[in-house]
Amino acid sequence: MGKVFAVVNNKGGVGKTTITLNLAHSLANKGVSVLVVDLDNQCNATSNFFPTAPDATLYELLDGEGIDPNKCVYPTQYDRVHFLPNTEDSGSLEPELLARDDKGYQLLNQRLRSYAINRFDFTLLDCPPNLGLFSLQAMAAADFVICPVTGGSRYATAGLDKTIRTIKYVQEEVNPNLRFLRLILNQVDRREGVDRAFVAGILEDYEGLVFETMIPRCTAVKQSEALKQTVLRAAPKSAAASKFRKLATELIDLLQE
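Each residue of the sequence shown is one higher than the last, beginning at 1 in full-length UniProt numbering.
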């Protein structure tokens with residue numbers, strides 16, 4: 001059976017989509033199958049694969065009686081990586097979903113989880129930059145939560161405590177099998193004093209809950225985003241690409257402990 005990971009943070013700009021796509025590509029390069037699901041109706045992940053949204057997306061999966069997940073999961077330019085796109089219209093589903101007895105929390109779990117874990121080794125759920133319905137759906141369907149945090153600012157951890165409280169709420173009320181796996185430190189430049197202090201503070205406050213691999217602040221990442229490619233494809237010899245490969249190895253090793 002595969003595993004499902006929700007990539008969550010209440011704060012925008014922490015690199016959830018960048019981490020999700022590059023981690024997916026890194027995992028696939030190790031020979032495992034990966035499904036990426038875009039749960040953010042800003043559709044940043046989707047725009048990497050589709051100039052316009054295809055006919056079958058997350059909206060069709062969740063709307064009304066839904067559709068077979070096979071109809072809205074697509075192969076990508078990366079071997080062993082498949083993708084479930086989103087559309088801006090998905091936000092309009094919230095009133096309908098909130099009117100359900102379960103407030104819509106379990107819908108993604110009911111309509112996608114079984115399909116995903118029986119066909120893919122890893123499913124990565126790229127969540128919106130909030131703790132609204134779609135992030136809650138992700139955590140209801142997930143085995144693990146991964147939480148990206150950026151360096152370089154005293155505001156970098158804003159929202160992190162609320163994110164962790166929400167994870168605990170989901171564990172207690174919705175999905176008792178959910179596990180908070182690790183924080184990922186992203187856009188870190190340890191040559192700068194503010195980043196060194198940031199890293200030290202995170203490692204102290206969240207001891208044992210931080211990936212050892214940190215993703216560096218790197219122009220190659222920005223350039224790859226402009227090209228709508230992963231940094232592993234656009235700049236395979238860059239420091240960031242190397243770190244994403246190490247992150248994939250660390251994640252696989254963690255699951256084997």
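Cβ atoms here follow ideal geometry from the backbone N, Cα and C, with glycine treated the same way.
Residues bridged to residue i [DSSP beta-bridge criterion]
i, result
"Y74", "F83"
"A6", "L125 and V145"
"I164", "Per DSSP, none; premise fails for I164."
"N186", "T150"
DSSP three-state assignment for residue i, whether helix, strand or coil
i, result
"L227", "coil"
"R217", "coil"
"D205", "helix"
"D89", "helix"
"F180", "strand"
"V174", "coil"
"M139", "helix"
"A235", "coil"
"D195", "helix"
"K103", "coil"
"N41", "coil"
"K222", "helix"
"L131", "coil"
The beta strand (DSSP E) enclosing residue i, as first and last residue numbers
i, result
"L35", "V34 to D38"
"F49", "Note, F49: premise wrong, no beta strand (DSSP E); not H, not E."
Terminal residues of the alpha helix (DSSP H) in which residue i lies
i, result
"S114", "S114 to R119"
"P95", "E94 to L98"
"T18", "K16 to A28"
"K243", "A239 to L255"
"E212", "Premise fails: E212 is in no alpha helix (DSSP H) and is neither H nor E."
"L61", "L58 to L62"
Given 8 Å, three or more beta-carbon pairs between the stretch 31-50 and the stretch 88-98 = Segments in contact, yes.
task = Determine contact between the stretch 76-85 and the stretch 15-35, defined as no fewer than three beta-carbon pairs at a distance below 8 Å.
result = yes
ask   = Taking contact to mean at least 3 C-beta pairs separated by less than 8 Å, is the stretch 197-212 in contact with the stretch 228-236?
value = no
request  = Decide yes or no for the touch test of the stretch 159-174 against the stretch 212-224: beta carbon pairs closer than 8 Å, at least 3 of them.
outcome  = no
message = Can you confirm whether the stretch 9-20 touches the stretch 49-69 when touching is taken to mean that 3 or more C-beta pairs between the two stretches lie within less than 8 Å?
response = no
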